[in-house]
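S.K.: Reminder that position 465 of the sequence shown reads as 464 in numbering that gives the first Met the number 0, one-by-one numbering, no gaps. Note that beta-carbon positions come from the ideal geometry of N, C-alpha and C, so glycine has one too. None of these values were measured; they are calculated from a predicted model.
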Amino acid sequence: MRTAKHRSKKVRSTVGRAALGRQATTQPSERLDEQDLCFDLSEGAVLQQAIASTRDLVHEAPPALKQRIWLYRAEGSAGATKRGNVTCLDSKSLNRAIQGVIQRHNLLGDDGLPDFGALQNAFDSARTKDITFHLFDLMHHDGLDLRQVALVERRALLKELLTDSPESIRFSEAFAGAPRDVLGSACKLGLEGIMGKKKDAPYVPGRSTDWIKLKCLQRQEFVVGGWTFQRGTKSGIGALLVGVHAANGDLLYSGNVGSGLSGKIVAQLLEKLAPLATTSSPFKGAAAEARGANWVKPQLIAEVAFTEWTKAGHVRHPVFRGLRVDKPAKTIVRELPHHLRPEPGSVVQHTLPAKFRVTNPERVIDPSTGITKIELVRFYGLVGPLILEHLKGRPVSLVRAPAGITGELFFQKHLDAGEIPGVRQLDPALSPGHGQLLEVATAQGLLSAAQLNVVEFHTWNAVKTAIGKPRTPER
0 MRTAKHRSKK VRSTVGRAAL GRQATTQPSE RLDEQDLCFD LSEGAVLQQA
50 IASTRDLVHE APPALKQRIW LYRAEGSAGA TKRGNVTCLD SKSLNRAIQG
100 VIQRHNLLGD DGLPDFGALQ NAFDSARTKD ITFHLFDLMH HDGLDLRQVA
150 LVERRALLKE LLTDSPESIR FSEAFAGAPR DVLGSACKLG LEGIMGKKKD
200 APYVPGRSTD WIKLKCLQRQ EFVVGGWTFQ RGTKSGIGAL LVGVHAANGD
250 LLYSGNVGSG LSGKIVAQLL EKLAPLATTS SPFKGAAAEA RGANWVKPQL
300 IAEVAFTEWT KAGHVRHPVF RGLRVDKPAK TIVRELPHHL RPEPGSVVQH
350 TLPAKFRVTN PERVIDPSTG ITKIELVRFY GLVGPLILEH LKGRPVSLVR
400 APAGITGELF FQKHLDAGEI PGVRQLDPAL SPGHGQLLEV ATAQGLLSAA
450 QLNVVEFHTW NAVKTAIGKP RTPER
């Protein structure tokens with residue numbers, strides 16, 4: 000049996016060679032292909048930055064770690080080091096702080112899912128014996144700076160070091176696979192999302208496109224600007240009034256957050272809100288919903304999950320998830336999605352035309368993946384510029400799936416009745432004795448076909464101007 004000492008020598012040698020062989024100027028690649036990514040469900044399930052407690056853990060550190068000097072960053076929580084502070088720990092205090100993402104055994108909700116509020120309460124009340132630390136990365140080991148070593152190599156070393164660790168300290172496993180499949184499974188389990196990490200990326204402090212969040216629900220921080228009493232009373236908290244900062248620094252009202260406020264959480268919130276009381280609203284042009292509020296100085300940050308933003312800039316179906324203490328309130332702005340390294344000059348249309356109507360948008364087209372009709376329409380809208388290059392000028396036949404791809408399919412070459420917006424009928428002379436052939440040459444035609452449950456487009460090898468001269472693809 001290998002001892003911890005032997006194991007440490009082995010991994011030090013392996014990673015030492017890797018570190019020396021990698022240049023410090025390693026740059027992220029231009030794309031995040033799925034074969035280059037791994038996904039972390041345990042981290043994504045909580046979707047929090049790393050949190051490290053400064054209280055003693057119940058168990059001793061594993062033997063392989065006891066004699067090491069660790070550099071760690073604590074990302075903040077009640078009783079934890081503030082975000083960005085760096086501390087060196089020798090072997091005597093190693094068991095007091097470990098970098099990693101935290102999940103729980105006995106800090107779950109009634110539905111068995113991770114409960115951030117319960118975790119926060121455990122820290123506040125010093126009841127941390129049931130907390131499990133999940134470690135997912137290693138930046139330094141045995142005098143070696145591993146930050147320029149590939150993620151998979153750093154994680155391999157970390158996993159080796161944690162071979163004999165107690166149940167309360169675990170290696171955070173990764174899942175390889177297509178992003179849609181992994182995220183879909185996480186969402187079906189009721190989790191909040193996953194983290195996608197580029198396998199060969201070095202460690203880079205701060206935000207990086209080498210680490211991406213894929214969420215089932217939207218979730219971000221908001222500044223608390225006030226609160227209302229419970230309906231019909233002058234006690235408790237009915238809702239928090241939250242907002243985000245505009246580019247000019249104004250605090251814009253984003254809505255009321257009433258869900259997720261249990262009795263114990265309300266008591267803790269009131270204790271924190273009381274010293275921040277003020278007589279004026281911190282919001283710029285506060286909405287009518289904010290009338291009768293108890294205003295506070297905009298210093299507290301609430302983490303909120305929600306389904307979507309409205310056109311008015313308010314959140315829909317918000318749920319309070321906890322308070323954040325690891326960043327200043329002035330930095331809180333509306334988080335917007337963005338593409339990773341888009342091609343220069345490229346423009347991607349994310350929304351459908353305002354007047355375009357999709358009937359039965361939630362109808363499932365493919366039961367094996369759960370893809371719905373609205374997703375099919377949006378997909379064709381996204382890849383339209385690529386598809387239309389092959390559809391323009393050619394007769395096309397449509398495969399329609401009104402009951403989904405597992406139901407009855409039918410082939411359509413002609414318009415039997417009515418018209419399909421954007422789909423043209425070609426010259427009758429091209430098909431004498433038969434119905435007029437069809438052509439899909441515009442984005443409107445492509446979307447209209449998708450609205451009619453078209454799942455395949457079969458073009459001719461000949462163009463309409465030379466129908467008798469098909470081009471045979473080279474073999």
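1) Since Ile-419 and Gly-444 should fall inside the 8 Å C-beta cutoff, what is the C-beta to C-beta distance between them, to a whole number of angstroms?
2) In the structure shown, what three-state DSSP assignment does Val-324 receive?
3) I'd like to know whether the C-beta atoms of Ala-392 and Lys-468 end up nearer to each other than 8 Å.
4) So, Lys-326 versus Ile-300, is the Cβ gap smaller than 8 Å?
5) Hey, how far is the Cα of Arg-362 from the Cα of Lys-372?
6) According to the Cβ coordinates, are Arg-169 and His-133 closer than 8 Å?
7) What is the DSSP secondary structure of Trp-459, reduced to helix, strand or coil?
8) By the DSSP assignment, the beta strand (DSSP E) with Arg-333 in it spans what residues?
9) Below 8 Å on the Cβ atoms is my guess for Leu-436 versus Ser-430; work out the distance and round it to an integer in Å.
10) Are Val-265 and Ser-253 touching if we call contact CB-CB under 8 Å?
11) Taking DSSP's pairing of strands, which residues face Ala-218 in a bridge?
12) Would you identify the three-state DSSP class for Glu-388, choosing helix, strand or coil?
13) Can you grab the Cα-Cα spacing for the pair Arg-399 / Gln-424, in whole Å?
14) Rounded to whole angstroms, what is the Cα-Cα separation between Gln-267 and Val-243?
15) Per DSSP, what kind of secondary structure is Arg-315 in: helix, strand or coil?
16) Pull up the distance between the alpha-carbon of Ala-440 and that of Gly-248, whole angstroms please.
17) Less than 8 Å between the beta carbons of His-389 and Thr-458, yes or no?
18) From Ala-461 to Val-395, what does the alpha carbon distance come to, in whole angstroms?
19) Beta-carbon separation of Val-295 and Ala-304 under 8 Å?
20) Count the C-beta pairs between the stretch 198 to 213 and the stretch 139 to 157 that are closer than 8 Å, then say yes if the count reaches three, no if not.
21) To the nearest angstrom, report how far apart Pro-427 and Asp-415 are at their CA atoms.
22) If you compare alpha carbons, which of Leu-239, Trp-308 and Ser-279 is closest to Arg-320?
23) Tell me which residues share the same chain as Val-357 and place their Cβ nearer than 7 Å to its Cβ, disregarding the 5 neighbours each side in the sequence.
24) With Val-295 as the anchor, note down where its beta strand (DSSP E) starts and where it stops.
25) Quick one, which of Ala-442, Thr-127 and Thr-208 has its alpha-carbon nearest Ile-386's?
26) Can you look up Val-376 in the DSSP assignment and give me helix, strand or coil?
27) Closest to Asp-209 by C-alpha separation, out of Phe-174, Lys-198 and Ile-193, would be which residue?
28) Quick check on Gly-171: buried or exposed, where buried means 16 or more other Cβ atoms within 10 Å of its Cβ?
29) What's the gap between the Cα of Gly-195 and the Cα of Thr-278?
30) Just how far apart, CA to CA, sit Ala-353 and Leu-397?
31) Which residues does DSSP pair with Asn-120 in a beta bridge?
32) Going by DSSP in three states, Ala-273 sits in which element: helix, strand or coil?
33) As a quick exercise: from His-433, Thr-131 and Lys-212, pick the residue whose alpha carbon is nearest that of Ser-164.
34) For a test of the three-state rule: what should DSSP assign to Thr-278, helix, strand or coil?
35) Count the other CB atoms within 10 Å of the CB of Phe-221; is the residue buried (16 or more) or exposed (fewer)?
M.R.: Reading from the atomic positions:
1) Locating residue 419 in the sequence shown gives position 420, where the first residue counts as 1. Locating residue 444 in the sequence shown gives position 445, where the first residue counts as 1. About 7 Å separates the two Cβ atoms, so the contact holds.
2) Mapped onto the sequence shown, residue 324 falls at position 325. Coil at Val-324, not helix or strand.
3) Taking the sequence shown and counting its residues from 1, one reaches residue 392 at position 393. Taking the sequence shown and counting its residues from 1, one reaches residue 468 at position 469. Going by the sequence as given, residue 392 is Gly instead of Ala. No, these two residues do not count as a Cβ contact at 8 Å.
4) On the sequence shown, residue 326 is found 327 positions in, with the first residue counted as 1. On the sequence shown, residue 300 is found 301 positions in, with the first residue counted as 1. Yes, they are a contact pair.
5) Counting from 1 along the sequence shown, the entry for residue 362 is found at position 363. Counting from 1 along the sequence shown, the entry for residue 372 is found at position 373. C-alpha separation (whole angstroms): 6 Å.
6) The residue you call residue 169 lines up with position 170 of the sequence shown. The residue you call residue 133 lines up with position 134 of the sequence shown. It is a contact, given that the beta carbons lie within the stated cut-off.
7) For the purposes of this step, residue 459 is identified with residue 460 of the sequence shown, where counting begins at 1. Of the three classes helix, strand and coil, the one that applies to Trp-459 here is coil, per DSSP.
8) Position 334 of the sequence shown holds residue 333. Run containing Arg-333: none; DSSP gives neither H nor E here.
9) Locating residue 436 in the sequence shown gives position 437, counting from the first residue. Locating residue 430 in the sequence shown gives position 431, counting from the first residue. Rounded, the Cβ-Cβ distance is 5 Å, consistent with contact.
10) Counting from 1 along the sequence shown, the entry for residue 265 is found at position 266. Counting from 1 along the sequence shown, the entry for residue 253 is found at position 254. No, these two residues do not count as a Cβ contact at 8 Å.
11) To locate residue 218, count along the sequence shown from 1; it is residue 219. Checking the sequence, you will find Arg at residue 218 rather than Ala. Partner(s): Ala-304.
12) For the purposes of this step, residue 388 is taken as the residue at position 389 of the sequence shown. Correct three-state label for Glu-388: helix.
13) Numbered from its first residue, the sequence shown carries residue 399 at position 400. Numbered from its first residue, the sequence shown carries residue 424 at position 425. If I take the Cα positions, the gap works out to 18 Å.
14) Counting from one through the sequence shown, the residue named residue 267 turns up at place 268. Counting from one through the sequence shown, the residue named residue 243 turns up at place 244. Roughly 23 Å separates the two Cα atoms.
15) To locate residue 315, count along the sequence shown from 1; it is residue 316. Here Arg-315 sits in strand by DSSP.
16) The residue labelled residue 440 in the question sits at position 441 within the sequence shown. The residue labelled residue 248 in the question sits at position 249 within the sequence shown. Between Ala-440 and Gly-248, the C-alpha separation is close to 46 Å.
17) As a working mapping, residue 389 is identified with position 390 in the sequence shown. As a working mapping, residue 458 is identified with position 459 in the sequence shown. Yes, the pair counts as a contact, with Cβ atoms nearer than the cut-off.
18) Here residue 461 refers to the residue found at position 462 when the sequence shown is read from its first residue. Here residue 395 refers to the residue found at position 396 when the sequence shown is read from its first residue. Whole-angstrom Cα-Cα distance: 10 Å.
19) Within the sequence shown, the letter at position 296 stands for residue 295. Within the sequence shown, the letter at position 305 stands for residue 304. No. Outside cutoff.
20) yes
21) Numbered from its first residue, the sequence shown carries residue 427 at position 428. Numbered from its first residue, the sequence shown carries residue 415 at position 416. Near 14 Å, if we compare the C-alpha coordinates of Asp-415 and Pro-427.
22) For the purposes of this step, residue 320 is taken as the residue at position 321 of the sequence shown. Closest by alpha carbon: Leu-239.
23) For the purposes of this step, residue 357 is taken as the residue at position 358 of the sequence shown. Excluding sequence neighbours, Val-357 sits near Lys-372, Ile-373, Val-376 and Gln-450.
24) Taking the sequence shown and counting its residues from 1, one reaches residue 295 at position 296. Here Val-295 belongs to no beta strand (DSSP E), and DSSP marks it neither H nor E.
25) By one-based count along the sequence shown, residue 386 stands at place 387. For Ile-386, the nearest C-alpha among the options comes from Ala-442.
26) Locating residue 376 in the sequence shown gives position 377, where the first residue counts as 1. If DSSP states are grouped into helix, strand and coil, Val-376 belongs with the helices.
27) For the purposes of this step, residue 209 is taken as residue 210 along the sequence shown, with counting starting at 1. Here the closest residue by C-alpha is Lys-198.
28) Locating residue 171 in the sequence shown gives position 172, where the first residue counts as 1. The sequence given here places Ser at residue 171; Gly does not occur at that position. Result: buried.
29) Here residue 195 corresponds to residue number 196 of the sequence shown, with the count starting at 1. Here residue 278 corresponds to residue number 279 of the sequence shown, with the count starting at 1. Near 45 Å, if we compare the C-alpha coordinates of Thr-278 and Gly-195.
30) Residue numbering aside, residue 353 sits at position 354 when the sequence shown is read from its first letter. Residue numbering aside, residue 397 sits at position 398 when the sequence shown is read from its first letter. Answer to the nearest angstrom: the Cα atoms are 25 Å apart.
31) The count along the sequence shown starts at 1 and reaches residue 120 at position 121. For Asn-120, which the question treats as bridged, DSSP gives no partner whatsoever.
32) Here the question's residue 273 lines up with position 274 in the sequence shown. Reduced to three states, the DSSP call for Ala-273 is helix.
33) Translated into the one-based positions of the sequence shown, residue 164 becomes position 165. Nearest C-alpha to Ser-164: Thr-131.
34) Taking the sequence shown and counting its residues from 1, the one referred to as residue 278 is at position 279. In the structure shown, Thr-278 sits in coil (DSSP, three-state: anything other than H, G, I, E or B).
35) Numbered from 1 along the sequence shown, position 222 holds the residue referred to as residue 221. Result: buried.
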